[in-house]
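When we follow our numbering, the leftmost residue of the sequence shown carries the number 102, and every step to the right adds one.
Structure first, commentary second.
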Amino acid sequence: MILKQTEENLKELSEIKGVKEVEKGFQYLSMPGMNSITLGDNKSDLMGLMSTSSVLTDSNVSEGSLPKKNEVLINKSVAEQLGDDVIGKTVKLSAVIDGQTVSGDFNISGIYTAGEKEYEIGLARKDGVPINESVQAEMNKVREDLGLTQYTFPWDK
Numbered sequence: 102m103i104l105k106q107t108e109e110n111l112k113e114l115s116e117i118k119g120v121k122e123v124e125k126g127f128q129y130l131s132m133p134g135m136n137s138i139t140l141g142d143n144k145s146d147l148m149g150l151m152s153t154s155s156v157l158t159d160s161n162v163s164e165g166s167l168p169k170k171n172e173v174l175i176n177k178s179v180a181e182q183l184g185d186d187v188i189g190k191t192v193k194l195s196a197v198i199d200g201q202t203v204s205g206d207f208n209i210s211g212i213y214t215a216g217e218k219e220y221e222i223g224l225a226r227k228d229g230v231p232i233n234e235s236v237q238a239e240m241n242k243v244r245e246d247l248g249l250t251q252y253t254f255p256w257d258k
């Protein structure tokens, strides 16, 4: 179901205490297989479609740029399913909205991350999750208690 946004709705939302700004936009969630994006022989199912807003900034884009007219921004998972070097390539986007199939060709402007902090943490942890000193001490003790001296940990260096 699609709820239409009216000026009355926007005015009502903007009058809620603490709301600083209201923007028009949409977010559409669906079951896998209903919406898809295709590049050549590669296809990725999409669980959701949404418009961009002022909340999405350059800091959310890990590669490429924010989309302009007739462009789409995709996440890393979709990019990996579509193949290498997808930025600038034309894809077919198909969606079932209110029971009607809608499709069109768009250029991929970039690849986004859910948030800047999450992206930076992901980069920092690409080689593993940090283990704090107290857990390191516990692991060292277990190794000693069990006589597993043949095993080394990264912090032993």
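Note that beta-carbon positions come from the ideal geometry of N, C-alpha and C, so glycine has one too.
**Study point:** Beta-ladder partner(s) of I175, from DSSP
**Key:** The partner list for I175 (beta bridge, DSSP) reads I212.
Review point. Quick one: is V192 buried, meaning 16 or more other Cβ sit within 10 Å of its Cβ, or exposed?
Key: A residue is called buried once 16 or more other Cβ atoms fall within 10 Å of its Cβ, and V192 is buried on that count.
**Study point:** Sequence-distant residues of the same chain with beta carbon closer than 7 Å to W256, five excluded per side
**Key:** Excluding the 5 residues flanking it on each side, W256 has same chain C-beta neighbours closer than 7 Å at Q237, in chain order.
Practice item. For N161, count neighbouring Cβ atoms within 10 angstroms of its own Cβ and tell me buried if that reaches 16, exposed if not. Key: Buried, since its Cβ has 16 or more Cβ neighbours within 10 Å.
Point to revise | Residue of E181, M240, R226 and M132 minimising C-alpha distance to G211 | key: Nearest C-alpha to G211: E181.
Exercise for review: Starting from D206, follow its DSSP beta bridges and name the residues at the other end.
Suggested key: According to DSSP, D206 bridges with K193.
Review point. So, is L140 buried or exposed, given that buried needs 16 or more other C-beta atoms within 10 angstroms?
Key: Buried, since its Cβ has 16 or more Cβ neighbours within 10 Å.
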